[in-house]
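Here is the structure we will look at, set down as structure tokens.
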Amino acid sequence: MIRDPARLDALLADTRSFVRGRWHPLEDQVDRTDEIPCAFVDELRRKGFFGWSIPEAYGGLGLTAEELVLCAMELSQSSVALRARVGTNTGIGSEGLVADGTEVQKARWLPRMARGELTGCLALTEPDAGSEATNIQTTARRDGDHYVLNGTKRFITNAPVADVFTVIARTEEGTRGHAGLTAFLVERGPGLRTGEPYRKMGQAGSPVSDVVFEDCRVPANHVIGEKEGVGFQTVMKVLNKQRLHLAALCTGPAIRMLDLAVAHTSKREQFGQSVASFQLVQAMIADCRTEIFAARSMILEAARARDRGEDVALTASMCKYFASEMCGRVADRCVQMFGGSGYIADFCPIERYYRDVRLFRLYEGTSQIHQLNIAKLTLREHEVGLR
Ligand SMILES: Cc1cc2nc3c(=O)[nH]c(=O)nc-3n(C[C@H](O)[C@H](O)[C@H](O)COP(=O)(O)OP(=O)(O)OC[C@H]3O[C@@H](n4cnc5c(N)ncnc54)[C@H](O)[C@@H]3O)c2cc1C
50 MIRDPARLDA
60 LLADTRSFVR
70 GRWHPLEDQV
80 DRTDEIPCAF
90 VDELRRKGFF
100 GWSIPEAYGG
110 LGLTAEELVL
120 CAMELSQSSV
130 ALRARVGTNT
140 GIGSEGLVAD
150 GTEVQKARWL
160 PRMARGELTG
170 CLALTEPDAG
180 SEATNIQTTA
190 RRDGDHYVLN
200 GTKRFITNAP
210 VADVFTVIAR
220 TEEGTRGHAG
230 LTAFLVERGP
240 GLRTGEPYRK
250 MGQAGSPVSD
260 VVFEDCRVPA
270 NHVIGEKEGV
280 GFQTVMKVLN
290 KQRLHLAALC
300 TGPAIRMLDL
310 AVAHTSKREQ
320 FGQSVASFQL
330 VQAMIADCRT
340 EIFAARSMIL
350 EAARARDRGE
360 DVALTASMCK
370 YFASEMCGRV
380 ADRCVQMFGG
390 SGYIADFCPI
400 ERYYRDVRLF
410 RLYEGTSQIH
420 QLNIAKLTLR
430 EHEVGLR
């Protein structure tokens with residue numbers, strides 16, 4: 050749903066010129082230093098990028114799902130670190146509160162997250178809880194009007210720079226699976242330690258680390274929604290929205306890579322003509338363009354369905370699966386279209402994009418987990434006679 054087309058067009062145009070004018074010239078530096086300059090993060094704050102999906106009542110833009118995916122496709126026509134810096138606040142780091150927080154909790158944290166004064170993150174994964182996300186070992190033991198958290202979270206995007214952590218922990222001893230899991234909003238403080246940022250394959254400038262809880266005391270009123278035992282339901286609400294968001298964020302880099310490849314192949318000459326004039330190269334251009342269009346179309350349709358209040362568990366999963374795989378194929382073809390230069394970081398950004406986008410098929414559900422989910426939901430529909 051687009052509430053005000055003129056306003057959205059202005060936001061898209063502004064985002065587009067910011068990405069091209071301010072971020073693209075910085076991409077190399079961020080890749081080399083593995084850091085986004087503080088002054089640039091301030092600029093992101095001033096431009097309101099942290100608050101895109103936070104409701105207007107709490108100082109954000111309150112973008113609908115359709116508006117959010119359109120903006121995300123624009124913002125992500127860039128190296129991934131840019132959108133990763135703001136993306137936890139517009140996605141997994143705030144959505145638990147937006148979906149299930151109490152009024153008091155929303156008023157306490159969301160306005161500062163929308164302004165980018167607080168960076169949020171989602172701490173779900175653990176050393177033994179990856180694809181099996183419910184195998185959570187982090188415990189939260191009630192002690193008076195507090196809970197005491199112990200355990201380790203792994204691979205947490207923005208943890209090194211985060212101020213607030215949506216944490217899923219086991220509150221009921223002896224439970225397994227999704228029973229007995231509770232979502233907490235934990236502020237950085239005593240008992241919570243983040244590790245050194247990992248050395249990664251790509252996405253330089255986007256810090257990811259462990260989060261360790263050692264007798265970390267969290268006030269009982271920081272349980273999201275003040276409801277114990279429903280943490281996994283909260284996470285699923287976060288992920289259903291986030292999968293659409295992430296699918297859009299996989300589409301932007303594919304658009305940018307194809308733009309770069311088209312520009313390169315149009316200029317580069319071999320055998321006395323541009324390499325873009327060779328039909329085998331044109332086939333790669335056509336395949337990229339077609340798959341980008343397919344991803345964009347399915348994401349927009351699913352986003353509109355979500356805005357109508359429909360259940361998008363199946364379609365969001367399909368979008369994330371298709372868009373992330375599509376982006377990997379586009380990256381591979383674009384390296385090919387650049388020839389040897391596509392392999393050399395000194396010559397063009399394609400090498401970096403190729404590494405950056407590899408992660409898309411791994412996090413927020415690997416492709417295999419989405420395949421299983423899509424098949425499970427399809428078979429369930431068949432059983433109940435919906436198909
Ligand atoms: C850089 C980075 C950032 C991340 N950010 C976050 C974050 O902010 N917050 C957070 O909570 N998590 C985050 N994650 C964690 C991410 O979501 C997990 O890595 C992902 O869910 C996969 O879990 P795993 O790494 O333990 O792989 P595993 O579960 O060990 O999977 C290994 C392989 O086995 C396959 N596999 C597993 N189970 C099955 C099955 N039943 N059937 C078929 N194949 C299967 C997988 O598809 C994969 O190919 C991040 C990860 C990375 C690398």
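In this note's numbering, the protein residues as written are 50 to 436. For every residue, glycine included, the Cβ atom is placed at its ideal position computed from N, Cα and C.
Sort the options by Cα distance to residue i and report the nearest one.
i: Pro160; options: Ser258, Thr183, Asp308, Ser102; result: Ser102
i: His313; options: Phe320, Val324, Ile304; result: Val324
i: Gly280; options: Thr137, Gly226, Arg355; result: Gly226
i: Phe204; options: Asn422, Asp91, Glu175, Pro86; result: Glu175
i: Lys249; options: Gln126, Gly388, Asp405; result: Asp405
i: Ser180; options: Asp77, Lys286, Gln417; result: Gln417
i: Ser315; options: Arg305, Phe327, Ile304; result: Phe327
i: Leu112; options: Thr137, Glu84, Leu60; result: Leu60
i: Arg81; options: Ser255, Gly301, Val361; result: Ser255
i: Glu318; options: Gly193, Thr427, Gly388, Glu275; result: Gly388
i: Leu117; options: Ile341, Asp58, Thr151; result: Asp58
i: Gln154; options: Gly136, Thr215, Arg191; result: Thr215
i: Pro246; options: Gln252, Ser258, Ala253, Arg237; result: Ser258
What residues in its chain sit with their C-beta under 7 angstroms from that of residue i, if we drop five residues either side in the sequence?
i: Ala163; result: Phe99, Gly100, Ile103, Tyr107, Gly108, Gly109
i: Trp158; result: Leu146, Leu167, Val213, Leu234
i: Arg382; result: Met333, Asp336, Cys337
i: Glu413; result: Leu288, Gln291, Arg292, Leu295, Lys369
i: His73; result: Ser127
i: Asp33; result: Residue 33 is absent from the model: the chain starts at 50 and stops at 436.
Tell me whether residue i sits in a helix, a strand or coil according to DSSP, three-state version.
i: Thr231; result: strand
i: Arg56; result: helix
i: Ile393; result: coil
i: Ala189; result: strand
i: Phe371; result: helix
i: Ala253; result: coil
i: Thr139; result: coil
i: Arg345; result: helix
i: Gln154; result: helix
i: Leu102; result: It is Ser, not Leu, that sits at residue 102 in the sequence shown. Coil, per DSSP.
i: Ser66; result: helix
i: Glu236; result: strand
i: Val79; result: helix
i: Val272; result: strand
i: Ala380; result: helix
For residue i, I'd like the list of residues in its chain whose CB is within less than 6 angstroms of its CB, leaving aside the five on either flank, ordered along the chain.
i: Val384; result: Gly391, Ile399, Tyr403
i: Glu432; result: none
i: Leu124; result: Thr64, Arg132
i: Met122; result: Ala297, Thr300, Gly301
i: Glu263; result: Gly240
i: Thr139; result: Trp101, Ser102
i: Ala178; result: Asn184, Ile185
Just to confirm before moving on: does the CB-CB distance between residue i and residue j stay below 8 angstroms?
i: Asn207; j: Cys170; result: yes
i: Pro209; j: Thr188; result: no
i: Asp149; j: Thr283; result: yes
i: Ile185; j: Ile217; result: yes
i: Arg353; j: Glu115; result: yes
i: Pro268; j: Asp194; result: yes
i: Arg71; j: Gly165; result: no
Under DSSP, the beta strand (DSSP E) around residue i begins and ends at which residues?
i: Phe204; result: 195-206
i: Pro268; result: 257-268
i: Val213; result: 213-219
i: Thr415; result: Careful: Thr415 lies outside any beta strand (DSSP E) and carries neither H nor E.
i: Thr22; result: Coverage of the chain is limited to positions 50 through 436, which leaves residue 22 absent and any answer about it impossible.
i: Arg407; result: Taken as a continuous stretch (DSSP letters only), Arg407 belongs to no beta strand (DSSP E), as it is neither H nor E.
i: Arg248; result: Note, Arg248: premise wrong, no beta strand (DSSP E); not H, not E.
i: Thr243; result: 241-243
In the DSSP assignment, find the alpha helix (DSSP H) that holds residue i and state where it starts and stops.
i: Leu171; result: Run containing Leu171: none in the alpha helix (DSSP H); it sits in the beta strand (DSSP E), 169-172.
i: Val118; result: 114-124
Return the chain-ordered list of same chain residues with a C-beta closer than 8 angstroms to the C-beta of residue i, the five sequence neighbours on each side being excluded.
i: Glu350; result: Thr364
i: Ser366; result: Arg292, Gly414, His419, Asn422, Ile423, Leu426
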